[in-house]
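Heads up: the sequence shown runs through residues -27 to -1, 1 to 670, numbered per mature numbering (1 follows the signal peptide of the UniProt record, and there is no 0). Every residue, glycine too, gets a C-beta built ideally from N, C-alpha and C. None of these values were measured; they are calculated from a predicted model.
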Amino acid sequence: MMRWHARARRALALFLFFSWAPRAIHASSPITGFGIVKVDTSTGTFMDSTTGDIVRARGTNVYSLRYDQAGGESSRARVVSVLNSISDLKLDVVRTWAFMDGDAEDYDGRSMQPSEGEFIEKNFVALDELIALCAQRRIRLILTLTNYWDDYGGIQQYVEWARANGEYDVYRREDFFTSPRCRASFERFIQAIVLRRNTIDNILYRDHPAIFSYQLINEPRVAGDAQGNVFHDWVSYFSSFIKRTEGSRHLVSVGTEGFFLSPSGGVAFNPFSGAERQGVDMNRLQDVMDVDYVTVHCWVDDWMDSDDESKYRFMQTWVRAHLDQSSSKPVVLEEFGKHRPLDVRDRFFRRVYELLREDGRNAARSGSLFWLFVPNEIEDYDGFSVYSSDATTLSIVRDDATSFDDSSASPIDAYAPPPPSSTPMTPPGEDDDIDDEDDDVDFETIVAPVADAESSSFSYSCRMLTSNAYEAHATYGDYVSIELVLNTVNFTVDNVDIDFAGVQDTMAVTATRVRTSVGSSDDMFTTSYFTATRRLGEGGIYLDEGPITFAMYFAPSSSSSHVITMTKVTHGTRIVFDSAAPFVTDAFLRPYSSGSEQSNTVAYGDIAVLYVAFSEPVGIPKVLMNGRDAFVSVAKAHSANAFYAFVEITAETDALGSAVSFEVIEANDYAGNKCFTCGDGLSKRTTDGSSLTVVAT
């Protein structure tokens, strides 16, 4: 999380205390019954290497703990209060940031590395103190070592240092992963951490049980690397580097969001178009030998522009997709959050924990850390903060953590799944037993009497589905289905008509199943299942923008003069129709060279830059420049409708005197609509008449 630097600036300002009074933390020594965490390779379970106990890995994110501990007395007191609350919740893992790079004014002198290779001892001591405080409470820390985003400096700061020291071809944050100087600088910082001796309890970091894992980076991306080779190689190197440096004592993780790159490896599960081109492939990373567990983030409010019900459904699909992956390594959902209101958030949190417990094996090899636990006096800067006063949310968190306390059960049996809350509304397959009572649908229904029949009544349940990857949306070319379950008393329904509002012809409706039973009072109960599916745009199916409305009709009997109409979705959400496809609104070429002079030429070794903007927010677009894939990054921190595309000019590929060409091949908006000016020649021209010509110097 923490995508926007301004957010962190505002958050940091809340923690500014200027007292540097000396302080002491008295930690018990030695630490008994509290060992370094390992992974049981036979079960994929986190285990305490000293006691053999299961480590639940249930916890939260408090990214600012080290920063707060480096502050004044009030700030340090807040750290103690937060850790006490976390302990009271029975949580055993906290993820925090063990870095702060650069010397920004609002860092208030608490940076760990204000300039390249300069390490400030008093600010490392704050990390020592934090680790000792956690050890006292049997809490373990995930120590994140840098950040893809700008908050706390991150990899952009390393890139700026490298460029200032002579690496003039380093300019994008993604260059951090390939820059020799960035690599050397990051190695020195890692060594300063993992080879350190804690000044409070005198325990070497390499031996400290309060360190759960070292995490290489928060939410990494390498835009445009569709194969994921750059980041895979970087992870392979640095995960091994940490293991070699500290003797393979602690776990190592990566901090990825969980995107898939391969169509056969889960790309259909990705939260937005373009995620497959972010250069980070979960399937490949979980096979890196020195990466000990898989990390997943879930940010439906950031990733999706849809209603809460669709976000809820996506969350379930996203979490299941990662739990079902074939690796035997543990899976930690290390960042998940939900905007208020609390009832919406509580439902979301409760379901996350249920998913992690539904299968005993998944529960034993998974972890979860919600975002973001903060004291009541701190501003909710991003809408995801969970306060100590949020009693209902924290009750759900604590109930999940304490559900693992049955010490008499085996490591796997201890995680018995809860009973299912309902059965999904899914049409039966050919081999389904229609008499199987487990197939009953159990969700909200609409109940009404039948006018033509004494002692007769009916109820129904209905939901809408779409083939669009963004489940609450549909556009032309997508299939939309309406599933209806009709429960009747003392009459049966053979036919149902269903149509979309504004569409002349009626949809073809399939009756998939009928079940009849007789009650103790001789009433006859019948359940009938119907499905209707249409492809939008096919056969003149054109709809108005907005929520898709429909009507379903049936008659209680063939002789009835009364027709019953149903229009309500009772389960899930109504699908929103969106016909507006994005298009390119602005495009211009500029040189990015080692010199400061701007011109309409580029020489070998220079970077050609394309700025391209769209009519609405889209995922990362695919762009060709001079016939090859360009690296693409977002141009504006708070917007996703403008991008920069980059390509290096080389003698091997670019002829002298030739003009730099480009084409925007593909872009999809958040409803899944494809850019209609992309890939058809309309996206090959600049809007300001700019051009670039390749020259010798």
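Beta-bridge pairing of residue i - partner residues as DSSP gives them
| i | result |
| --- | --- |
| residue 63 | According to DSSP, which records beta bridges pairwise, residue 63 is partnered with nothing at all. |
| residue 601 | 598 |
| residue 506 | 454 |
| residue 20 | 11, 27 |
| residue 32 | 66, 342 |
| residue 359 | 346 |
| residue 184 | 114 |
| residue 436 | 456 |
| residue 639 | 595 |
| residue 225 | 187 |
| residue 50 | For residue 50, which the question treats as bridged, DSSP gives no partner whatsoever. |
| residue 472 | 524 |
| residue 675 | Residue 675 cannot be examined here, being either before or after the span of the chain that is shown, -27 to 670. |
| residue 158 | Answer is none; residue 158 lacks a bridge partner. |
| residue 519 | 550 |
| residue 606 | 617 |
| residue 647 | 641 |
| residue 86 | 74 |
| residue 264 | For residue 264, which the question treats as bridged, DSSP gives no partner whatsoever. |
Closest residue to residue i among the options (Cα-Cα distance)
| i | options | result |
| --- | --- | --- |
| residue 204 | 121, 181, 271 | 121 |
| residue 290 | 27, 438, 311, 243 | 243 |
| residue 232 | 213, 221, 196, 50 | 196 |
| residue 548 | 522, 639, 347 | 522 |
| residue 659 | 638, 640, 648, 634 | 634 |
| residue 589 | 440, 615, 457, 624 | 615 |
| residue 350 | 114, 664, 363 | 363 |
| residue 284 | 274, 292, 293 | 274 |
| residue 498 | 432, 311, 319, 52 | 432 |
| residue 456 | 507, 465, 447 | 507 |
| residue 556 | 630, 482, 637, 625 | 637 |
| residue 326 | 307, 313, 645 | 307 |
| residue 33 | 81, 288, 340 | 340 |
| residue 38 | 20, 113, 76 | 113 |
| residue 90 | 313, 77, 131 | 131 |
| residue 495 | 257, 462, 481, 211 | 462 |
| residue 525 | 564, 74, 454, 487 | 454 |
| residue 527 | 576, 460, 583, 572 | 460 |
| residue 375 | 8, 647, 31, 20 | 31 |
| residue 263 | 158, 303, 212 | 212 |
| residue 685 | 315, 147, 215, 551 | Past the edges of the chain, shown from -27 to 670, lies residue 685, and the structure says nothing about it. |
| residue 36 | 317, 372, 52, 356 | 52 |
| residue 40 | 86, 100, 9 | 100 |
| residue 539 | 6, 599, 472, 92 | 472 |
| residue 372 | 338, 319, 357, 358 | 319 |
| residue 42 | 70, 595, 92, 668 | 70 |
Supposed contact pair residue j and residue i - C-beta distance, whole angstroms, cut 8 Å
| i | j | result |
| --- | --- | --- |
| residue 12 | residue 265 | 6 Å |
| residue 83 | residue 44 | 7 Å |
| residue 618 | residue 605 | 5 Å |
| residue 163 | residue 118 | 6 Å |
| residue 458 | residue 502 | 6 Å |
| residue 469 | residue 482 | 5 Å |
Range of the contiguous alpha helix (DSSP H) that encloses residue i
| i | result |
| --- | --- |
| residue 327 | 315 to 330 |
| residue 38 | 38 to 42 |
| residue 288 | 281 to 296 |
| residue 255 | 255 to 258 |
| residue 366 | 364 to 375 |
| residue 132 | 127 to 137 |
| residue 211 | 202 to 219 |
| residue 99 | 94 to 109 |
Start and end residues, beta strand (DSSP E) containing residue i
| i | result |
| --- | --- |
| residue 270 | 267 to 271 |
| residue 584 | 580 to 587 |
| residue 615 | 615 to 621 |
| residue 558 | 557 to 565 |
| residue 467 | No beta strand (DSSP E) holds residue 467; DSSP gives it neither H nor E. |
| residue 524 | 523 to 527 |
| residue 537 | 537 to 539 |
| residue 576 | 574 to 576 |
| residue 309 | 304 to 309 |
| residue 668 | 666 to 668 |
**Report entry** Meets three-Cβ-pair contact criterion under 8 Å: the stretch 224 to 233 and the stretch 249 to 260
**Finding:** yes
Report task. Evaluate the contact criterion for the stretch 344 to 359 versus the stretch 291 to 304: three or more CB pairs, one atom per stretch, below 8 Å. Result -> no
Requested in this report: For the stretch 121 to 137 and the stretch 198 to 218, state whether three or more C-beta atom pairs, one from each stretch, are separated by less than 8 Å.
Outcome: Contact annotation: the stretch 121 to 137 does not touch the stretch 198 to 218, with fewer than three C-beta pairs closer than 8 Å.
Query raised in the report: Below 8 Å, can you find three or more Cβ-Cβ pairs linking the stretch 213 to 224 to the stretch 619 to 634?
Result: no
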